[in-house]
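>
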Amino acid sequence: ESNDSLFIDNTFKSKKAVDERWDDRAIDDFYKVDMPKWLSDEALVCGGKKYYVVKESELQENDWLHLFTEIAFYAKTERMLEASSILTLGDKERCH
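Those letters in the sequence shown? Residues 19 to 114, per our numbering, in order.
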């Protein structure tokens, strides 16, 4: 039995501030549909919090969350997504 798995860690760093401007013309019509509803209104206002911490199970059930997070960030900062360089450690290669 294989225990191979893929783990994607979304970490964003930018010296450029993210503004409130959004250019709808830059987004393909394919992506201009309503997002799936995955949180109830009660969950969004629970305890008066202004944010929601996503549970691991919700990330697994809604794999599009990682993709939309990256799309939104790079669209707002007008940056290109680049692959990390590969670091060689002994016999193993790892991305950093």
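Beta carbons: idealized from backbone N, C-alpha and C, even for Gly. Values in this document were obtained by computation on a predicted structure and should not be read as measured data.
So, for residue 89: in the same chain, excluding its five sequence neighbours on each side, which residues have a beta-carbon less than 8 Å away from its beta-carbon?
49
> Tell me whether residue 47 sits in a helix, a strand or coil according to DSSP, three-state version.
helix
> Could you work out which residue in 86, 91 and 76 is closest to residue 58 when comparing CA atoms only?
Relative to the Cα of residue 58, the nearest Cα in the group 86, 91 and 76 belongs to 76.
> Quick one: what does DSSP say residue 52 is sitting in, helix, strand or coil?
coil
> Quick check on residue 94: does DSSP put it in helix, strand or coil?
In this structure, DSSP gives residue 94 a helical state, which the three-state scheme calls helix.
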